[in-house]
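What follows is a set of notes on a single structure, which appears directly below.
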Amino acid sequence: MITVNSVSKKYGDRVVLDHVDLHVKKGEIYAILGRNGAGKTTLIKCIMNLINYEGNISYGFEPADLYENISLQMQTSMFEEGVRVIDICKLYKEILNSKVNINELLKKFDLEEHSKTYVNKLSGGQKQKLSILLTLLNEPKVIIFDELTTGLDVMARRNTWSLLKEINKEKGITIILTSHFLDEVEYLADNIIVLERGKRSVSGSVKEIVANSFGDRKKISFSYYGSADTNTDFSFQYRIDDKGKYIVDFDSKDESEIYNEIKHKGGEDININHFSFEDAFLKILGYKMTEKGEIKDA
Ligand code: ADP
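Going by our numbering, the first residue of the sequence shown is number 6, and it counts up by one from there.
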């Protein structure tokens with residue numbers, strides 16, 4: 006649906022995007038992940054042809070029809086203060102010359118009873134729903150969400166995720182989103198690109214990224230308090246995480262041997278898991294991200 010080919014962008018001497026390649030398939034959810042300043046929004050602006058860039062972007066439709074085919078979600082802070090939900094829907098419908106039934110959409114998004122509410126009186130989650138609803142008015146092939154759930158509480162984030170999945174599955178709309186939340190990307194995205202200082206650092210599906218980082222390895226976590234009559238040393242390598250848990254990264258074939266040793270030496274709360282997307286992210290980039298998209302050292 007969208008192919009970005011060696012796209013670069015400079016502001017003055019500053020390279021913000023550096024030969025980025027990606028391919029968004031029809032009907033998928035594609036995530037652009039990265040910390041603040043990584044270049045996510047700039048890449049969206051290139052895709053939307055809002056700024057000049059070097060390289061090439063091709064679309065599964067005529068480039069001249071870009072704005073009919075792609076909807077970009079408006080940040081809810083852009084809404085006028087004194088305007089009601091129904092007014093803004095009607096305004097958009099008119100501007101976009103849309104044939105979509107607004108009442109049906111309001112119902113679907115649980116906003117029907119708020120249709121006369123002033124936009125600035127809506128909760129964060131309701132505003133978010135409204136802005137997603139507005140992206141549907143021109144019946145787009147693609148919707149782009151920039152920082153989808155930044156600033157929302159946990160419940161509103163989950164609701165937003167379900168809505169997106171629904172739109173994607175029911176209407177077959179291709180979705181591109183930017184995010185600095187690993188859980189969001191892991192839950193929603195079929196494919197991901199991680200941007201690091203304007204460059205692609207890794208891409209693929211969550212499964213592929215984890216498999217490329219860890220292959221057939223798994224991890225065991227356990228609590229261990231030592232004891233006078235056991236040998237406190239283990240025969241395998243381990244690290245201790247920020248919660249004081251012992252973590253062992255091992256090859257699946259050694260699973261029973263390691264498990265038995267931990268048991269034998271008095272380890273407790275033993276958990277065996279596959280590596281997560283967060284583990285892979287940490288391994289590849291060497292840092293975790295905070296809720297605000299900033300670096301948190303591991
Ligand atoms: P992200 O969306 O990943 O947080 P952005 O794409 O907004 O990152 O920004 C990437 C980098 O480009 C940042 O360092 C930002 O300061 C810089 N940048 C963005 N827009 C401009 C601009 N109009 N002029 C100069 N620098 C910019």
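Idealized CB from N, CA, C, for every residue including glycine. As the structure is a prediction and not an experimental result, all values here were calculated from the model.
Check: residue i C-beta below 7 Å from any heavy atom of the ligand ADP
| i | result |
| --- | --- |
| A36 | no |
| T155 | no |
| T183 | yes |
Coil, strand or helix - residue i by DSSP
| i | result |
| --- | --- |
| T154 | coil |
| E299 | coil |
| G129 | helix |
| T179 | strand |
| N10 | strand |
| L124 | Leu is not the amino acid found at residue 124; the sequence shown has Val there. It is helical. |
| I56 | coil |
| S88 | Ser is not the amino acid found at residue 88; the sequence shown has Val there. If DSSP states are grouped into helix, strand and coil, V88 belongs with coil. |
| L101 | coil |
| F114 | coil |
| L142 | coil |
| K95 | helix |
| K15 | strand |
Residue span of the alpha helix (DSSP H) that contains residue i, given as start and end
| i | result |
| --- | --- |
| G291 | Looking at the DSSP string, G291 is not in any alpha helix (DSSP H), and its letter there is neither H nor E. |
| N173 | 159–176 |
| I266 | Here residue 266 turns out to be Glu, not Ile, going by the sequence shown. Taken as a continuous stretch (DSSP letters only), the alpha helix (DSSP H) holding E266 covers 260–269. |
Run of the beta strand (DSSP E) containing residue i, from where it starts to where it stops
| i | result |
| --- | --- |
| D26 | 19–29 |
| L77 | 75–77 |
| L48 | From DSSP, L48 is part of no beta strand (DSSP E) but of the alpha helix (DSSP H) over 45–52. |
| S63 | 59–64 |
| E273 | 273–279 |
| A69 | Run containing A69: none; DSSP gives neither H nor E here. |
| D247 | Per DSSP, D247 belongs to no beta strand (DSSP E) and is neither H nor E. |
*Complete runs of the alpha helix (DSSP H) confined to the segment 185–242 [at least 4 residues]*: 187–193, 211–219, all fully within the segment 185–242.
*Under a criterion of Cβ closer than 6 Å to any non-hydrogen atom of the ligand ADP, which residues qualify, in chain order?*
This selection yields Y16, V21, G39, N41, G42, A43, G44, K45, T46, T47.
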